[in-house]
Amino acid sequence: MNFHLAQLNVARLLQPLDHADTKEFIDGLIPVNALAESSNGFVWRLKDDAGDATAIEVFTDKMIIVNMSMWEDMETFKNFVYKTMHTEYIRNKSKWFEKHDTFYFVMWWVEAGHIPTVQEAKERLEYLQQNGDSAFAFSMKKIFPQPNANASE
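No gaps in the numbering here: position 124 of the sequence shown is 127 in our numbering, and each next residue is one more.
Next up, the structure:
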């Protein structure tokens, strides 16, 4: 059995999506998402019919936006996040998003072929916030390895 890495990243905007202060971030979504989708190891990302996730309401607060994706492994995910133009957006996140006082990013392993639901992702994030890093839900602070593919065989 093979596994993929799923991730959910939650951010609360400082200004609405249509505000001038958010324009730089919005203008970067299409190229960053296109880069992700063409990157080695990319499997899937949450998006609506327009190819975007900013309009998908995951939380009741309309200022909260999410990014959710799946990757073949940790290495390809980290390569996209830290070694591409995506890094610029990490560096500039304080221009667009509030600072968090708890975990806002969660990862977990899913069986290949399973597409996690938004509800599943929220449950993983809540678990991480309440219990800290574990094989069920983890952060970059303590990465858990891909489950042993031979464990159930």
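Built from N, CA and C at the ideal position, the CB exists for glycine as well. None of these values were measured; they are calculated from a predicted model.
Close Cβ partners of residue i (< 8 Å) along its chain, the five nearest in sequence each way excluded
i	result
Asn-82	Ser-42, Asn-43, Gly-44
Status (buried if at least 16 other CB within 10 Å, exposed otherwise) for residue i
i	result
His-103	exposed
Arg-127	buried
Pro-119	buried
Whole-angstrom distance between residue j and residue i, CA atom to CA atom
i	j	result
Ser-155	Asn-5	In this prediction, Ser-155 scores a pLDDT of 49, lower than 50, which makes its location untrustworthy; the coordinate-derived value is nonetheless stated afterwards. Their Cα atoms are separated by approximately 11 Å.
Gly-116	Leu-17	36 Å
Glu-162	Val-109	Coverage of the chain is limited to positions 4 through 156, which leaves residue 162 absent and any answer about it impossible.
Ser-97	Val-35	18 Å
Residues sharing a beta bridge with residue i, DSSP
i	result
Ser-72	Gln-10, Arg-48
Met-110	Gln-10, Phe-141
Ile-67	Arg-15
Beta-carbon contacts of residue i that lie in its chain and below 7 Å, excluding the five residues immediately before and after
i	result
Trp-74	His-7, Leu-8, Gly-44, Phe-45, Val-46, Phe-80
Asp-76	Leu-8, Gly-44, Gln-149
Cβ neighbours of residue i in the same chain (closer than 6 Å, five flanking residues each side left out)
i	result
Lys-65	none
Lys-26	none
Tyr-107	Val-13
Short CB-CB distance (under 8 Å) between residue i and chain B
i	result
Thr-120	Of the chains in the structure shown, none is chain B; there is only one protein chain.
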